[in-house]
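Undergrad: In this text, residue positions in the sequence shown follow the working numbering: the first is 601, and each later residue adds one. From the three backbone atoms N, C-alpha and C, an ideal C-beta is built for every residue, glycine too.
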Amino acid sequence: MPPTPRFARHAERPTPSQRTLGSAIGCVGTGLHTGARVALTLRPAPAHFGVVFKREDVPGAPAIPAGVDAVADTTRCTQLAGPDGTRVRTVEHLLAALAAWGIDNVEIALDGPEIPAMDGSAKPFFFLLGSAGIVTQDAPRRVLKVLRPVQVREGERTATLRPHPGFAVDMAIDFAHPRVGRQRLALEVDAASFPEELAGARTFGFADDVESLRARGLARGGSLANAVVVGEGGVLNPEGLRWPDEFVRHKALDAVGDLYLAGAIAGRFEGRGSGHALHVALLRRLRRERDAWRRVPASDPAIDAADPPPALARLVAD
Ligand SMILES: [Zn+2]
């Protein structure tokens with residue numbers, strides 16, 4: 601039996617200490633876009649280390665620290681590059697699982713160019729991290745507290761961060777395909793709500809797009825085992841959907857992962873058709889607007905003000 605994560609009962613509240621893993625743990629899988637078979641090892645790391653990817657298949661095993669500055673591409677996934685240009689693709693689902701557990705410090709070693717897709721969701725990563733155990737460290741945790749709304753827009757699409765005591769996501773999508781259509785989901789994100797409501801939501805794509813994606817070198821490892829594929833008549837996966845609104849749940853999951861590039865946030869994210877590019881643009885704007893946020897200790901009473909936080913409540917669902 602894997603060890604029980606230490607703080608499960610109090611997961612809905614930010615705690616004042618940084619966190620890492622209790623032990624190293626790994627998995628092997630296929631990259632969604634590259635199709636590469638990749639072994640991933642997650643290792644405990646000291647306080648203030650941060651989230652750092654390490655390409656052990658590249659000479660010198662270059663490090664790629666997670667951060668807004670490291671974003672090199674946002675076409676269909678979030679891709680990071682280290683100081684020497686070495687890249688790692690499709691980091692968002694693993695980052696989302698780290699965000700949900702509140703893990704500040706971890707070394708993510710991989711022997712290929714892309715985080716394995718697993719089943720297309722964050723559920724295997726969330727489980728893996730919980731199985732390794734979460735330990736608190738002797739260093740204060742700091743969060744980025746949003747002080748006033750900040751928004752970026754691209755046509756009809758927007759991404760906004762607003763002040764909020766905890767961390768909440770409110771995502772809405774509107775796809776022409778009738779099987780997807782308009783969906784909206786809002787919830788407080790923490791280690792209790794994440795596995796229930798978001799972690800299992802899978803990547804999705806449209807059958808019509810598959811050929812053009814492959815021609816562009818994308819989705820090479822994609823299959824019905826790691827993505828929901830929507831065809832003209834409906835979902836092609838024989839097992840169907842995990843939720844009727846699995847699509848918006850996955851978009852919310854992507855936002856949680858992308859936003860963790862800035863570390864833990866106390867704020868409410870609102871996405872209206874937003875994707876990786878807009879999420880990263882929002883973080884870049886936030887950083888420029890220095891009066892819109894402040895780094896505060898996670899124990900700041902202003903952050904704990906929501907008492908009790910609506911951990912499992914879906915605030916909006918339509
Ligand atoms: Zn995704």
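1. Using 10 angstroms around the beta-carbon of SER623, count the other beta-carbons present and answer buried if the total reaches 16, otherwise exposed.
2. Can you find a heavy atom of ligand 3 that lies under 8 Å from the Cβ of THR758?
3. Measuring only the C-alpha atoms, how far is ARG637 from ASP770?
4. Taking the alpha carbon of THR803 as the reference point, which residue from ALA825, ALA866, ARG619 has its own alpha carbon closest?
5. Kindly indicate which three-state DSSP category PHE847 falls into: helix, strand or coil?
6. Taking ALA730 as part of the alpha helix (DSSP H), name the residues at either end of that continuous run.
7. Have a look at ARG814, ARG779, ARG741, ALA661 and flag the residue whose alpha-carbon is nearest the alpha-carbon of LEU836.
8. Are there any heavy atoms of ligand 1 lying less than 8 Å away from the beta-carbon of GLY871, as far as the coordinates show?
9. Hey, how far is the Cα of PRO616 from the Cα of ARG742?
10. What is the DSSP secondary structure of PHE653, counted as helix, strand or coil?
11. For ASP774, which beta-bridge partners are listed by DSSP?
12. Is ALA596 buried or exposed, if buried means 16 or more other CB atoms sit within 10 Å of its CB?
13. So the alpha helix (DSSP H) VAL810 belongs to, where does it begin and stop?
14. What's the gap between the Cα of ALA877 and the Cα of ARG820?
15. Of all residues in the structure, which have a C-beta closer than 5 Å to any heavy atom of ligand 1, taken in chain order?
16. Beta-carbon separation of ALA696 and PHE794 under 9 Å?
17. Candidates THR675, GLU870, PRO740: which alpha carbon is nearest VAL752's?
18. Just how far apart, CA to CA, sit ALA608 and ASP673?
19. Return yes when the Cβ of HIS633 is within less than 9 Å of the Cβ of ARG687, no when it is not.
20. Buried or exposed for PRO765, please, with buried defined as at least 16 other CB atoms from any protein chain shown within 10 angstroms of its CB.
21. When DSSP labels each residue in this structure, what does ALA792 get in the three-state scheme?
22. What does the alpha-carbon distance come out to for the pair LEU698 and PRO740?
23. In the DSSP assignment, find the beta strand (DSSP E) that holds GLU754 and state where it starts and stops.
24. Use the C-beta contact count for HIS850: other C-beta atoms within 10 angstroms, 16 or more gives buried, fewer gives exposed.
25. Could you say which of GLN679, GLY867, GLY863, VAL856 lies nearest to SER874 if we only look at CA atoms?
26. Could you check where the beta strand (DSSP E) with LEU694 kicks off and where it finishes?
27. Residues in its own chain within less than 8 Å of GLU754 by CB, not counting five upstream and five downstream?
28. Is LEU710 helix, strand or coil when you go by DSSP?
29. Would you kindly report the start and end of the unbroken beta strand (DSSP E) that includes VAL671?
TA: This is what the structure holds:
1. exposed
2. Among the ligands in the structure shown, ligand 3 does not appear; only ligand 1 can be found there.
3. 34 Å
4. ALA825
5. helix
6. Ala is not the amino acid found at residue 730; the sequence shown has Gly there. Per DSSP, GLY730 belongs to the alpha helix (DSSP H) from 723-732.
7. ARG779
8. no
9. 8 Å
10. strand
11. ARG782
12. Outside the displayed range of the chain (601 to 918) lies residue 596, so it cannot be described from this structure.
13. 807-815
14. 21 Å
15. THR803, ASP854
16. yes
17. GLU870
18. Because ALA608 sits at a pLDDT of 42, beneath the cut-off of 50, its placement in the model cannot be relied upon, and the following sentence gives the value as read from the coordinates. Distance between the alpha carbons of ALA608 and ASP673: 35 Å.
19. no
20. buried
21. coil
22. 17 Å
23. 750-754
24. buried
25. VAL856
26. Per DSSP, LEU694 belongs to no beta strand (DSSP E); it is in the alpha helix (DSSP H), 692-701.
27. ALA877, LEU878, ALA881
28. strand
29. 671-673
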